[in-house]
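Just below is one structure, and these are the notes that go with it.
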Amino acid sequence: MITLGHYLVVSGMLFALGLAGVIARRNIIIVYMCLEMMLSAANLALVGFSRFHLVNGLPDYTAQSLVFFTITVAAAEVAVGLAIIVALFRSKQSVDVESVTKLQG
Amino acid sequence: MHASIILLLPFFSALLILLGHRQLKGAAVLISVGSSIISFVACLFFLAADDDNKLLLPFLDVGHLHAGIDVLIDKQSRGMMFIVSFIGMLVHLFSLGYMKDDDAKPRFFGSLSLFMFSMTGIVLAGNLIMMFIFWELVGLSSYLLIGHWYQKASAAEACKKAFLTNRIGDFGFMIGILLLFGANGGNVNLDDLASAFSSGPLRPDPSGANAGFTTAAALCIFLGAVGKSAQFPLHVWLPDAMEGPTPVSALIHAATMVAAGVYMLVRVSFLIEASPLAAQIIAGIGCFTALLAALMATQQNDIKRVLAYSTLSQLGYMVMAVGAVAMAAKNGHEPHAAEPGHPAMFHLYTHAFFKAMLFLGSGAVIYACHHEQDIWKMGGLRKHMPVTFWTFLIGTAALMGVPLLSGFWSKEAVLGVALDSGYKVLFIAGAVTAALTAFYMTRLLIVAFFGKPRTDSAHHATEAPMIMILPLAILAVFSVFSGYDILATPLQAMKPPHVEGHQTVFWASLLALLIGSGFAIYLYRGRDKDPISIKLFANKFYFDEIYAVIIRICQDRLAWIVTALERVLVDGLVARLPTAIIARLGAATRMLQGGHLQGYTFLLGGGVIAVVYLVVFVLPRLGH
Amino acid sequence: MPPLLFYLFALITLGFGFLVVTGRNPVTCALALAASFVGLAALFLSLDAYFIGVIQILVYAGAVMVLFLFIIMLLDIKTEEGKKMNLPAILSGVLLAVLLTLQIIAVVGSTELAKKTSQDTPLALVDAPGKIGKAALLPTITNDLKAGTLPDAKLIGFTLFDQYGFHLQVIGLLLLVGTIGVVVLSKRERSAP
Numbered sequence: 000m001i002t003l004g005h006y007l008v009v010s011g012m013l014f015a016l017g018l019a020g021v022i023a024r025r026n027i028i029i030v031y032m033c034l035e036m037m038l039s040a041a042n043l044a045l046v047g048f049s050r051f052h053l054v055n056g057l058p059d060y061t062a063q064s065l066v067f068f069t070i071t072v073a074a075a076e077v078a079v080g081l082a083i084i085v086a087l088f089r090s091k092q093s094v095d096v097e098s099v100t101k102l103q104g
Numbered sequence: 000m001h002a003s004i005i006l007l008l009p010f011f012s013a014l015l016i017l018l019g020h021r022q023l024k025g026a027a028v029l030i031s032v033g034s035s036i037i038s039f040v041a042c043l044f045f046l047a048a049d050d051d052n053k054l055l056l057p058f059l060d061v062g063h064l065h066a067g068i069d070v071l072i073d074k075q076s077r078g079m080m081f082i083v084s085f086i087g088m089l090v091h092l093f094s095l096g097y098m099k100d101d102d103a104k105p106r107f108f109g110s111l112s113l114f115m116f117s118m119t120g121i122v123l124a125g126n127l128i129m130m131f132i133f134w135e136l137v138g139l140s141s142y143l144l145i146g147h148w149y150q151k152a153s154a155a156e157a158c159k160k161a162f163l164t165n166r167i168g169d170f171g172f173m174i175g176i177l178l179l180f181g182a183n184g185g186n187v188n189l190d191d192l193a194s195a196f197s198s199g200p201l202r203p204d205p206s207g208a209n210a211g212f213t214t215a216a217a218l219c220i221f222l223g224a225v226g227k228s229a230q231f232p233l234h235v236w237l238p239d240a241m242e243g244p245t246p247v248s249a250l251i252h253a254a255t256m257v258a259a260g261v262y263m264l265v266r267v268s269f270l271i272e273a274s275p276l277a278a279q280i281i282a283g284i285g286c287f288t289a290l291l292a293a294l295m296a297t298q299q300n301d302i303k304r305v306l307a308y309s310t311l312s313q314l315g316y317m318v319m320a321v322g323a324v325a326m327a328a329k330n331g332h333e334p335h336a337a338e339p340g341h342p343a344m345f346h347l348y349t350h351a352f353f354k355a356m357l358f359l360g361s362g363a364v365i366y367a368c369h370h371e372q373d374i375w376k377m378g379g380l381r382k383h384m385p386v387t388f389w390t391f392l393i394g395t396a397a398l399m400g401v402p403l404l405s406g407f408w409s410k411e412a413v414l415g416v417a418l419d420s421g422y423k424v425l426f427i428a429g430a431v432t433a434a435l436t437a438f439y440m441t442r443l444l445i446v447a448f449f450g451k452p453r454t455d456s457a458h459h460a461t462e463a464p465m466i467m468i469l470p471l472a473i474l475a476v477f478s479v480f481s482g483y484d485i486l487a488t489p490l491q492a493m494k495p496p497h498v499e500g501h502q503t504v505f506w507a508s509l510l511a512l513l514i515g516s517g518f519a520i521y522l523y524r525g526r527d528k529d530p531i532s533i534k535l536f537a538n539k540f541y542f543d544e545i546y547a548v549i550i551r552i553c554q555d556r557l558a559w560i561v562t563a564l565e566r567v568l569v570d571g572l573v574a575r576l577p578t579a580i581i582a583r584l585g586a587a588t589r590m591l592q593g594g595h596l597q598g599y600t601f602l603l604g605g606g607v608i609a610v611v612y613l614v615v616f617v618l619p620r621l622g623h
Numbered sequence: 000m001p002p003l004l005f006y007l008f009a010l011i012t013l014g015f016g017f018l019v020v021t022g023r024n025p026v027t028c029a030l031a032l033a034a035s036f037v038g039l040a041a042l043f044l045s046l047d048a049y050f051i052g053v054i055q056i057l058v059y060a061g062a063v064m065v066l067f068l069f070i071i072m073l074l075d076i077k078t079e080e081g082k083k084m085n086l087p088a089i090l091s092g093v094l095l096a097v098l099l100t101l102q103i104i105a106v107v108g109s110t111e112l113a114k115k116t117s118q119d120t121p122l123a124l125v126d127a128p129g130k131i132g133k134a135a136l137l138p139t140i141t142n143d144l145k146a147g148t149l150p151d152a153k154l155i156g157f158t159l160f161d162q163y164g165f166h167l168q169v170i171g172l173l174l175l176v177g178t179i180g181v182v183v184l185s186k187r188e189r190s191a192p
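Chains as they are written, first to last, in numbering that gives the first Met the number 0: chain U, 0 to 104; chain D, 0 to 623; chain V, 0 to 192.
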């Protein structure tokens, strides 16, 4: 039988995959995709908790409202982030994160 | 009020000139001379100030240590302040003429103002820490002024020598201050120390329990005076200091700074009186220096060096008087308590005038002879420079102790207290020194001013300009009359009461004068070169050479060991090792701050994992 | 939902997710991400979150993926990676991922909450109108519930506008700021005269 645990583990693995991608990949666009994956993994956990924590016999819609907000913010973030990537590419001619080391001490 | 003006005026003058002497140029001279004149006027008002001891500026308040700029106003500081500001002003005026063609005039006057500031600080100091600070400052300004012509190798060497020799003395002074500091619970205020010694915890124990400590403190403090007042064995710097411009020699190395040691000893006379052994040592060293320097002076050919050794000798007199007064106080003679007179301070006062005048006079001679300092290349200056000659003659007479001139009174007072001290040897040595003084001063006068000119420069010498003559004339007046009550009382010279019945002293000094000058006239009259030659005296008893050998043997070895220790301990263990560790740590942490996005993400993820691990798996097990 | 379907969709989600992380070509990665999100949407559906599942596809697989692909095309990014493997980064990434997964499994395994199944928490649709308070006043919600279907979009909408009205406006403002920000960022810098 499928339990909450199953969903949470899938969510956690998706998150871990995203984290590994952010750390290992050097293409900044793919790093961004991995970030999206991590956000979605969090959404999955939220929806799972929503379903298995009933309020008045219905799923907890507060959690789903939060997911709605997260998706909105993620969309805005992608838009701004991609704009930044475009600006970066214009000045560096590269999407390699290694080329962005201006903050190096 | 007056005290702060006197103290701050030269300070701001020095600050202004030393910071902006490139921009100020000629204005620097005006600022410096102006401030010295205003200080002098303020000092005239200051003579009427009340006895006081007040804090001007608190500045060290750490635990038990309370030291600040506080001002002790009494007869001694008022009198000394007059000497300093008066001679300071005259020297400033004289320098206007003497340094007219010097390129670095602003620097010279700036250093002069710095010196005036520091010397004022010593005179007014109400506690030993403040005195020490200004003590170091006069050392610095003396260094700057001796090395004014630093392009000349000998001047550079001389200022270094003066500075280093003074270091030894200052080190002792500091230890002395720290001893008193520890013994008196952190209070080094002069008034409080005096009362601690007269009625407080530091009162000399009849059983002699704390005698050792008192003697050590007194001798350490005395070491400071040995350095600054150039007493044996640290006397070697003063003759070399004559490399500085002559007005500097007059102000610093004759009248004021070198007298600071004596001034300070009189300030702490409560300490010296508390320790008979220290008083004996001080009197002995003073007496020995007086005799030694007088012997060296008889064979010098440089006009300024003769005066320098004479200064040494007279300083020895004063130091001897300080010790003798303390010993006389033990013997029941109480000249100090009944009347605030002190033969050392009185001799300091008269000596300041005539010795400053002699130096300024020698400056005028050197200026006239185109910077020729060898007396055997002068001669016959009497006709060319009449005013200088007459003032020089008066100064010489005062120094020799010709009756009715100022030097006679003060020298008699010093010899009188030497006789009272109970040690005949002090008195005899003092008298012999007086005879030698008469001898070498007469020699100097005859060789330089009488006879025929021996070189062209002496032949073409002309009288110095008015600005240089004026200070000479003023000082000549003081050299004659300053010993009388009419001047000594308002100027608060601490003249000791004239002791009746010291027939011995009177006749002895008169005899010494006659023998010394008579012998000199007999030997040097009409001579073109020195008829006697005593290598030992001419080479200053080989002190410089002996010190060089001592330094080579001891100090170099010691330095080698210290260097080795430093390389291993300080450099290696204390400095290199921690720096290496820190550098490694820094390199490691710098890698964390590499500016690499992924590195940061990795750390973030690691942090998250660590926090989750701690919160979920570790804390519950700990019972939280 | 049968367990088989769950495993299938989980596999789709994670498998395509893995492809995103390992893919050489950015276009491949973007498409894999879209597929992964479709799998995720199916998982949402399996959790009775139909509305979220739909907007997951609409917003992510639709809009965001198009944006990514558009940028990739615009910048004309070739398969530039892989010339040199960044071995330490890869190793540390894998290490963290493994650690995190193990940790989550351990956490999940240690709580009773995670053992709940959908049988333990059955939806009680018909009884709901009596308990949901103000939401029951809307006939469209009560009618759906009485008919035995979950009006989840309507309930989310009700929750949003009833409880989170202010937050919704803040999100709206955020989107506006984001829009302006993007415009400012993508404006070409005028070269100095």
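Ideal Cβ placement from N, Cα and C applies to all residues, glycine included.
Every value quoted in this text rests on a predicted model; they were computed, and no experiment measured them.
Could you check whether residue j and residue i sit closer than 7 Å to each other, using their CB atoms as the reference points?
i	j	result
GLN372 of chain D	ILE302 of chain D	yes
MET295 of chain D	TYR316 of chain D	no
PHE353 of chain D	LEU398 of chain D	yes
ASN55 of chain U	ALA146 of chain V	no
GLY11 of chain U	ILE103 of chain V	yes
ALA134 of chain V	PHE157 of chain V	yes
GLN63 of chain U	ALA48 of chain V	yes
SER420 of chain D	ALA323 of chain D	yes
THR432 of chain D	ALA289 of chain D	yes
VAL32 of chain D	LYS53 of chain D	no
GLY360 of chain D	LEU471 of chain D	yes
ALA41 of chain D	ILE5 of chain D	yes
VAL90 of chain D	PRO275 of chain D	no
If you draw a straight line from the alpha carbon of residue i to that of residue j, how long is it in whole angstroms?
i	j	result
GLY20 of chain U	ILE29 of chain U	8 Å
CYS219 of chain D	ALA320 of chain D	18 Å
GLY606 of chain D	LEU95 of chain V	10 Å
LEU418 of chain D	PHE107 of chain D	44 Å
LEU172 of chain V	ALA15 of chain U	32 Å
SER35 of chain D	GLY243 of chain D	20 Å
PRO150 of chain V	ARG24 of chain U	42 Å
PRO57 of chain D	PHE133 of chain D	16 Å
SER702 of chain D	PHE518 of chain D	Since the first and last residues shown for chain D are 0 and 623, residue 702 of chain D lies out of range.
LEU175 of chain V	ALA31 of chain V	30 Å
GLY534 of chain D	HIS20 of chain D	For clarity, residue 534 of chain D is Lys in the given sequence; the question names Gly instead. If you take the alpha carbons of LYS534 of chain D and HIS20 of chain D, they lie about 46 Å apart.
HIS147 of chain D	VAL225 of chain D	24 Å
THR255 of chain D	PRO9 of chain D	16 Å
SER456 of chain D	ILE86 of chain D	29 Å
DSSP beta-bridge partners for residue i?
i	result
VAL70 of chain D	D:LYS53, D:ALA124
ASP126 of chain V	Answer is none; ASP126 of chain V lacks a bridge partner.
Ranges of the alpha helix (DSSP H) found wholly within the region 138-187 of chain D, counting only runs of at least 4: Qualifying alpha helix (DSSP H) stretches, in chain order: 152-182.
Taking a Cβ distance cut-off of 8 Å, strictly less, list which residues of the region 57-75 of chain U are near chain V, in chain order. Under the 8 Å Cβ criterion, the region 57-75 of chain U contributes LEU57, PRO58, TYR60, THR61, GLN63, SER64, VAL66, PHE67, PHE68, ILE70, THR71, VAL72, ALA73, ALA74, ALA75.
Which runs of the alpha helix (DSSP H) fall wholly inside the region 337-383 of chain D and span at least 4 residues, in chain order? Counting whole runs of 4 or more residues, the region 337-383 of chain D contains the alpha helix (DSSP H) stretches 342-367, 380-383.
If you measure beta-carbon to beta-carbon, which residues of the region 89-107 of chain V are closer than 7 Å to chain D? Taking 7 Å as the Cβ-Cβ cut-off against chain D, the residues of the region 89-107 of chain V that qualify are SER91, LEU95, LEU98, LEU99, GLN102, VAL106.
Along the region 20-49 of chain U, where does the CB come closer than 8 Å to a CB of chain V? Name the residues. Per Cβ criterion, the list reads GLY20, VAL21, ILE22, ALA23, ARG24, ARG25, ASN26, ILE28, ILE29, TYR31, MET32, CYS33, GLU35, MET36, SER39, ASN42, LEU43, VAL46, GLY47, SER49.
My parser needs the alpha helix (DSSP H) runs of 4 or more residues fully inside the region 144-184 of chain V; what are they? With a minimum length of 4 residues, the continuous alpha helix (DSSP H) runs that stay inside the region 144-184 of chain V are 151-162.
Give the list of continuous alpha helix (DSSP H) stretches no shorter than 4 residues that lie fully inside the region 529-604 of chain D. 534-537, 542-549, 555-564, 576-591, all fully within the region 529-604 of chain D.
Starting from the N-terminal side, write out each stretch of the alpha helix (DSSP H) that is 4 residues or longer and does not extend beyond the region 233-271 of chain D. If you keep only unbroken alpha helix (DSSP H) runs of at least 4 residues inside the region 233-271 of chain D, you get 236-239, 245-249, 256-266.
Residues in the region 164-175 of chain D having any Cβ partner in chain U nearer than 7 Å: Residues are counted here when their Cβ sits less than 7 Å from a Cβ of chain U; for the region 164-175 of chain D the count is zero.
Counting only Cβ-Cβ distances shorter than 8 Å, please list the residues of the region 599-617 of chain D near chain V, keeping chain order. Answer set for the region 599-617 of chain D: PHE601, GLY604, GLY605, VAL607, ILE608, VAL611, TYR612, VAL615, PHE616.
Near-chain V residues of the region 575-594 of chain D (beta-carbon distance less than 8 Å), N- to C-terminal order: Those would be none; no residue qualifies.
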